[in-house]
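Residue numbers for the sequence shown, in our numbering: 17 to 347.
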Amino acid sequence: MKPAYDSPARAAYRLASDDLQLREVMPENIEAGYFRADCDPAVFYDKCEQYRALSRLDPGLAFSAQVLGSCAELSGYTQGDWVVRPAISPHSRGCAVLLGEHGIAAAEAVLQVVPGPLLVHRHEAGYTVFINGVLEEGQFQVSDAWRCHTQDWLARRILTAVTSLPPAALPADLVPRLARLASGLGLLYGPLHAEVVITAQGPRLVKLAPRLASTPLPELCQLGGWPSQQDLWQKRPVVDVASAAQAVADYSFVITRPGRVLAMRFDQQVRALSSFSHYFLAPPTGQWVQTTTDGTTYGCTVFLRNSSAEALEADIAQLQALNLTDAFVFG
């Protein structure tokens with residue numbers, strides 16, 4: 017039986033915003049009654065364990081994948097394009113590593129801090145979506161959804177932007193399937209975050225986690241004027257609803273080499289965009305920076321908002337064209 021909204025058990029629910037935090041708080045949240053007592057916590061924070069469970073519960077959502085013990089086993093994956101995902105992502109963002117034109121050596125360099133195990137599957141063309149909300153009474157109540165835009169850089173698929181996506185635009189039956197899967201894995205009640213690749217053959221699950229979405233998604237919800245996942249979870253009233261029809265996005269520029277940043281090369285072009293709102297993460301002028309490797313090492317992040325979703329997408333395309341061409345002036 018799930019805890020009531022205002023019960024002491026709900027107050028004791030420990031929130032997590034990345035996979036490492038989730039691993040730490042799962043035992044307490046199981047004890048508090050938010051999961052079945054027999055729930056295996058690893059199926060929520062370990063992609064390899066979740067893949068095994070997914071293959072039993074809803075194989076149609078699963079990539080055709082293999083579980084490897086370490087990078088040493090990648091030598092057999094030299095033909096075609098493969099995606100390698102660490103079982104536990106160090107920062108929960110930007111975890112996909114590509115085997116292809118860059119070869120295994122480049123992938124091993126990226127994965128050197130992740131000993132294994134690893135989930136490996138063939139690359140399937142499509143686009144990624146994030147879906148956030150709360151599971152309650154077996155229903156996945158979606159608060160926000162996002163379409164992802166990426167750039168391939170040094171064997172890494174880097175997330176550069178997310179654009180708001182109306183939940184109604186998601187594939188039919190995807191949200192109920194995710195609800196059934198979460199329940200099957202042992203979640204009774206709580207926050208739920210999903211990452212799914214939409215392919216021509218159907219949706220493929222990257223991960224399903226009982227945690228809050230990472231920044232800047234809550235801040236983007238605020239910019240758009242609709243409740244965030246945490247608002248839905250905590251039943252907060254949302255005051256600013258006047259701008260709820262606005263499409264919103266973020267865009268992050270990558271750092272292509274280490275050095276001391278003197279200026280942002282495209283600042284004028286960025287500020288001239290019809291969708292420009294503000295810098296969420298300002299350019300690191302005067303700072304020594306390292307090359308971008310994941311979602312925690314961007315050069316800067318811009319927030320965008322527009323009443324026209326088409327105009328917003330056009331601005332994203334323009335920024336994608338500017339990225340990876342030394343967006344920063346180094347001294």
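Don't be surprised by glycine CBs; every beta carbon is placed ideally from N, CA and C.
Just so we're clear, the structure is a prediction, and the values are computed from it rather than from any experiment.
Buried or exposed for residue i, going by 16 or more other Cβ atoms inside 10 Å?
i, result
"Gly302", "exposed"
"Glu211", "buried"
"Arg287", "exposed"
"Ser108", "Interpretation of Ser108 is limited by its pLDDT of 49, a score under 50 that renders its predicted location unreliable; no figure is taken from the coordinates."
"Ser23", "The predicted position of Ser23 is uncertain, since its pLDDT is 46 and thus under 50; a value taken from the coordinates is nonetheless stated next. Looking at its Cβ environment, which holds fewer than 16 other Cβ atoms inside 10 Å, Ser23 is exposed."
"Asp54", "exposed"
"Gly85", "exposed"
"Val255", "Low confidence applies to Val255: its pLDDT is 48, below 50, so where it sits in the model is not reliable enough to give any reading."
"Tyr205", "buried"
"Thr215", "exposed"
"Glu65", "buried"
Cα separation between residue i and residue j?
i, j, result
"Asp247", "Pro183", "17 Å"
"Val257", "Glu152", "Low confidence applies here, because Val257 scores a pLDDT of 44, under 50, leaving its location unreliable; read the following figure in that light. Their Cα atoms are separated by approximately 24 Å."
"Leu221", "Asp331", "28 Å"
"Ala88", "Gln245", "39 Å"
"Val158", "Val150", "7 Å"
"Ala32", "Ala198", "17 Å"
"Gly49", "Ala195", "18 Å"
"Pro243", "Ala325", "19 Å"
"Asp168", "Thr94", "18 Å"
"Tyr143", "Thr313", "22 Å"
"Val345", "Ala333", "22 Å"
"Ser259", "Phe292", "In this predicted model, Ser259 has a pLDDT of only 45, less than 50, meaning its place in the structure is not dependable; the value taken from the coordinates is given anyway. Computed Cα separation, rounded: 15 Å."
Just to confirm, is the Cβ distance from residue i to residue j under 7 Å?
i, j, result
"Leu239", "Phe319", "yes"
"Ile147", "Asp35", "no"
"Pro300", "Val264", "no"
"Gly202", "Leu73", "no"
Just to check my reading of the structure: residue i and residue j have Cβ atoms closer than 8 Å, yes? What is that Cβ distance to the nearest angstrom?
i, j, result
"Cys316", "Phe269", "5 Å"
"Phe60", "Pro192", "Going by Cβ atoms, the distance from Phe60 to Pro192 rounds to 19 Å, so no, they are not a contact pair."
Which of the three DSSP states, helix, strand or coil, is assigned to residue i?
i, result
"Gly315", "coil"
"Asp331", "helix"
"Glu89", "helix"
"Pro219", "strand"
"Ile271", "coil"
Check the Cβ-Cβ distances between residue i and every residue of chain C, and say whether any is below 7 Å.
i, result
"His165", "Chain labels in this structure do not include chain C; a single protein chain is all it has."
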